[in-house]
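J.: Numbering (this note's numbering), first residue to last: 21 to 245.
Just dropping this structure here.
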């Protein structure tokens, strides 16, 4: 489902997206759906190579499932079942009921550790990522999308960081770090600037490297004293 659909449209609210938050690809389950839709469009345009497009889409989805849940769990439970439980927010309960919690691996396992503390983000770039992995976003530095925060809102974010035990400010690498660094100077919270798109940084050549890079940044910041 699309997150953060506005209830009203007004320029005074900032750079509002009428259809909701557009950063859908940062949820791996959404990425699989996007790839499938692209493949089906290519099939319609080039039916001669339909089998190739569908096979590549399925290969990508299979790799995503393994990266998301771990190979052992995918083999034991099945891809469709795991996706269904995850999409409906029932994965942890399902695994617990079937005594499979210790089998969870991949990104979902890494998320358990980094989700112990809430984060602050600069922009609502990470809403889908956080929702998929159970990470609480305590506050956003941008009070209104696309508009620099006021001094009053900056002070509010500082208060939230201190009250909620936030350890990391997560933002896309292209976003202005100065506001996050100003908050960091007061609170000593770490600032993690990470790519939000494939190819936007050296070494991030595919979707798997992208999500790995985000987790690596969160894990690195979490491990610091």
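Heads up, the beta-carbon is just placed ideally off N, CA and C, and yes, glycines get one too.
Just so it is clear, the structure is predicted and the values come from calculations on it, not from any experiment.
Give the secondary structure of residue 247 by DSSP, where H, G and I count as helix, E and B as strand, and everything else as coil.
T.: Residue 247 lies beyond the residue range present for the chain, which begins at 21 and ends at 245; the question has no answer from this structure.
J.: Where does the unbroken alpha helix (DSSP H) through residue 167 begin, and where does it stop?
T.: Numbered from its first residue, the chain shown carries residue 167 at position 147. Here residue 167 belongs to no alpha helix (DSSP H), and DSSP marks it neither H nor E.
J.: From what residue to what residue does the alpha helix (DSSP H) around residue 156 run?
T.: As a working note, residue 156 is residue 136 in the chain shown. DSSP places residue 156 in no alpha helix (DSSP H); its state is neither H nor E.
J.: Does DSSP put residue 178 in a helix, a strand or coil?
T.: Start at 1 with the first residue of the chain shown, and residue 178 comes out as number 158. In the structure shown, residue 178 sits in a helix (DSSP, three-state: H, G or I).
J.: Excluding five sequence neighbours on each side, which residues of the same chain lie with their C-beta closer than 7 Å to the C-beta of residue 106?
T.: Residue mapping note: residue 106 aligns to position 86 of the chain shown, counting from 1. Sequence-distant Cβ neighbours of residue 106 in its own chain, meaning closer than 7 Å and more than five residues away, are 49.
J.: The ligand NAD and residue 219: does any heavy atom of the ligand fall closer than 7 Å to the residue's C-beta?
T.: Here there are no bound small molecules, and the ligand NAD is not part of this structure.
J.: For residue 193, tell me which candidate among 151, 83 and 141 has the shortest Cα-Cα distance.
T.: Locating residue 193 in the chain shown gives position 173, where the first residue counts as 1. The option with the nearest alpha carbon to residue 193 is 141.
J.: According to DSSP, simplified to helix, strand and coil, what is residue 186?
T.: By one-based count along the chain shown, residue 186 stands at place 166. DSSP places residue 186 in coil when its eight states are reduced to three.
J.: Mind checking who residue 211 pairs with in its DSSP beta bridge?
T.: Sequence index remark: in the chain shown, residue 211 carries index 191 (1-based). According to DSSP, residue pairing for residue 211 in a beta bridge involves 189.
J.: Rounded C-beta distance between residue 139 and residue 158? I'm assuming under 8 Å.
T.: Numbered from 1 along the chain shown, position 119 holds the residue referred to as residue 139. Numbered from 1 along the chain shown, position 138 holds the residue referred to as residue 158. About 7 Å separates the two Cβ atoms, so the contact holds.
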